[in-house]
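Residue numbers (this note's numbering), protein chains in the order written: chain A, 1 to 297; chain B, 1001 to 1244.
Here is the structure:
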């Protein structure tokens, strides 16, 4: 160790003259002190704390307030009555929320999303949900709803219904059956005379969607054009010649705006959500720097 | 010199008044937030209701109407609550987290299926209903309200209590479940339409799943509590008017 007299002799204590050795030594000391302070702060000290808890928080954890409303939700989630929960029960809820907040903060420090696929999925969902929630908060006014209704009138029609008989006849007898039925002969008589059968595909009155499934697309297309009491031309399928007798046809009826407006709002919001989410993805992509490896370009 | 003294005095007085106002606001908000919403009484309640009116006009009136009597969204003045039982704490939770609002804490446990479709319910399989079956269920709901059984109501009851799965959300007595937001079907208060058979048929056929945005993160907790207490006051006014 250098003594004071040696430092004086070397001119280190004379601040009127520059001394490279002194400058280096002081810099080194400064660096060591700085590292020491940083290391202590990193591993030992607590984060800066505020002096009071805001009115709308039950606690502040490393400057992050824990919302009273979240606390209230947590109390309810545990099946406790917020009005009658004991002090110990309330304290337990707060302690649990503080623990959760500490772990969330630690999770951010550790960047757990980098390695945990569940955290990644949850984060993706959360950002999508955020974009969707933003879309919901902008309430459309009545002219916007009316304009949307006018632009998508087909969506706001009730499902049509039909009740018919699907009669199947042997090859080459469909035309005779059609003529007989159109002439007013009862279906049961025509079926017996021409050795036909009722396919039974439709059981009473059915919605269009169900009739489409039960009849199949070719027969449903024919059925949709028939009016009450009309008989179709024969339609040849693998199992014979089908003749449809329409008993009751109720085409889809337009629902008035007043009756449909809640659905209109819902549909408008759904479109807004999709638009906001697409915009969010486009924005993130636009501001990102993405390099592709040659094999996936 | 005199001018400067006057200016300094005015500045000091204005600063003192400003500080007093801020302090008073903070004190009122603290008094509001540090008790359970259902235990808020007296001056704190009056403060909340007065401030909640403005929040409601800005954020809620577009759907619920300026007077809260509904429009696109439900009537909030009729003492009929979908979620919870009308306690301020229940209302506060709905305001904060919304209904089918896409948030993780959103109230989103059930939708009304669209029985006139190939897949009535997105969450799990339930069967479609035929037009006469829906008409029978409508007759059963009329029976629940009016108590006049008909053959159609008996058939509709069987669908309601079994194959249709209606009992699962609305309860076997049709009185709904405030935990999942399913309405009471026996009280003649209707969320959609005018309560006519045609309107009820349409709701059963086409389903329904209204949404309400979540305001947590968009409004401060203080504002959320204020508007919750204001909404509760709308219903209380109706109750008082009814009693008189």
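For every residue, glycine included, the Cβ atom is placed at its ideal position computed from N, Cα and C.
Because the structure is a prediction, the values reported are computed rather than measured.
When 182/A, 97/A, 215/A are compared against residue 228/A, the one with the closest alpha-carbon: Locating residue 228/A in the first chain gives position 228, where the first residue counts as 1. Cα-wise, what sits closest to residue 228/A is 182/A.
Supposed close pair residue 1178/B, residue 1082/B - CB separation, criterion 8 Å: The residue you call residue 1178/B lines up with position 178 of the second chain. The residue you call residue 1082/B lines up with position 82 of the second chain. Confirmed, about 7 Å.
Exposure of residue 1124/B, with buried meaning 16 or more beta-carbon neighbours within 10 Å: Locating residue 1124/B in the second chain gives position 124, counting from the first residue. Per the 10 Å Cβ criterion, exposed.
Through-space distance from residue 1047/B to residue 1137/B, alpha-carbon basis: Working through the second chain from its first residue, we reach residue 1137/B at position 137. Working through the second chain from its first residue, we reach residue 1047/B at position 47. Straight-line Cα distance between these residues: approximately 47 Å.
Residue 33/A to residue 26/A span [Cα, whole Å]: In the first chain, the residue the question calls residue 33/A occupies position 33. In the first chain, the residue the question calls residue 26/A occupies position 26. Each residue's alpha carbon lies about 10 Å from the other.
Validate contact between the segment 1066-1080 of chain B and the segment 1163-1182 of chain B using beta carbons, cut 8 Å, 3 pairs: no
Helix, strand or coil at residue 1064/B according to DSSP, with G and I counted as helix: Sequence index remark: in the second chain, residue 1064/B carries index 64 (1-based). Helix, per DSSP.
Nearest residue (CA-CA) to residue 1193/B, options 259/A, 22/A, 89/A: Mapped onto the second chain, residue 1193/B falls at position 193. Comparing Cα-Cα distances from residue 1193/B to each of 259/A, 22/A, 89/A, the minimum goes to 259/A.
Residues in the segment 148-174 of chain A having any Cβ partner in chain B nearer than 8 Å: 158, 159, 161
Given 8 Å, three or more beta-carbon pairs between the segment 1029-1037 of chain B and the segment 1225-1233 of chain B: yes
Cβ of residue 1192/B within 7 Å of any chain A Cβ: Reading the second chain from its first residue, position 192 is the one you call residue 1192/B. At least one chain A Cβ lies under 7 Å of residue 1192/B.
Beta-carbon neighbours of residue 204/A, restricted to chain B and to distances below 7 Å: Counting from one through the first chain, the residue named residue 204/A turns up at place 204. 1130, 1132, listed in chain order.
Environment of residue 174/A [buried if 16+ CB atoms lie within 10 Å]: Taking the first residue of the first chain as 1, we reach residue 174/A at position 174. Its Cβ being crowded by 16 or more others within 10 Å, residue 174/A is buried.
CA nearest to the CA of residue 1142/B, picked from 1004/B, 1053/B, 1184/B: In the second chain, the residue the question calls residue 1142/B occupies position 142. Nearest in C-alpha terms to residue 1142/B, of all of 1004/B, 1053/B, 1184/B, is 1184/B.
Paired residues, beta bridge with residue 65/A - DSSP: As a working note, residue 65/A is residue 65 in the first chain. Residue 65/A pairs with 60/A.
Cβ pair residue 1216/B, residue 1096/B closer than 7 Å: Along the second chain, one-based indexing puts residue 1216/B at 216. Along the second chain, one-based indexing puts residue 1096/B at 96. In this structure, residue 1096/B lies closer than 7 Å to residue 1216/B by Cβ.
Enclosing alpha helix (DSSP H) for residue 1051/B [first to last residue]: The residue you call residue 1051/B lines up with position 51 of the second chain. Residue range 1042-1059 is occupied by the alpha helix (DSSP H) that includes residue 1051/B.
Cβ of residue 93/A within 7 Å of any chain B Cβ: Locating residue 93/A in the first chain gives position 93, counting from the first residue. Cβ-Cβ to chain B under 7 Å: no for residue 93/A.
Identified DSSP bridge partners for residue 255/A: Start at 1 with the first residue of the first chain, and residue 255/A comes out as number 255. Note: residue 255/A sits in no beta bridge, so no partner.
DSSP state of residue 249/A mapped onto helix, strand, coil: On the first chain, position 249 is the one that residue 249/A refers to. Strand, per DSSP.
Backbone secondary structure at residue 52/A - three-state DSSP: Residue numbering aside, residue 52/A sits at position 52 when the first chain is read from its first letter. Of the three classes helix, strand and coil, the one that applies to residue 52/A here is coil, per DSSP.
Residue from 142/A, 241/A, 148/A, 159/A with nearest C-alpha to residue 191/A: Taking the first residue of the first chain as position 1, residue 191/A is located at position 191. The alpha carbon of residue 191/A has as its nearest neighbour, out of 142/A, 241/A, 148/A, 159/A, the alpha carbon of 241/A.
Chain-order list of residues whose beta-carbon lies under 8 Å from that of residue 1243/B (same chain, five-residue window excluded): Position 243 of the second chain, counting from 1, holds the residue named residue 1243/B. Note that residue 1243/B scores a pLDDT of 49, beneath 50, so its modelled location is shaky; the value from the coordinates is reported in the next line. Counting only Cβ-Cβ distances below 8 Å, and skipping sequence neighbours, we find nothing.
Stretch pair the segment 81-98 of chain A + the segment 50-66 of chain A: three plus CB contacts closer than 8 Å: yes
Residue-level contact to chain B via CB, residue 201/A, 7 Å cutoff: For the purposes of this step, residue 201/A is identified with residue 201 of the first chain, where counting begins at 1. No, residue 201/A does not count as interfacial toward chain B.
Against chain A: residues of the segment 1040-1072 of chain B by CB proximity under 7 Å: 1062, 1063, 1072
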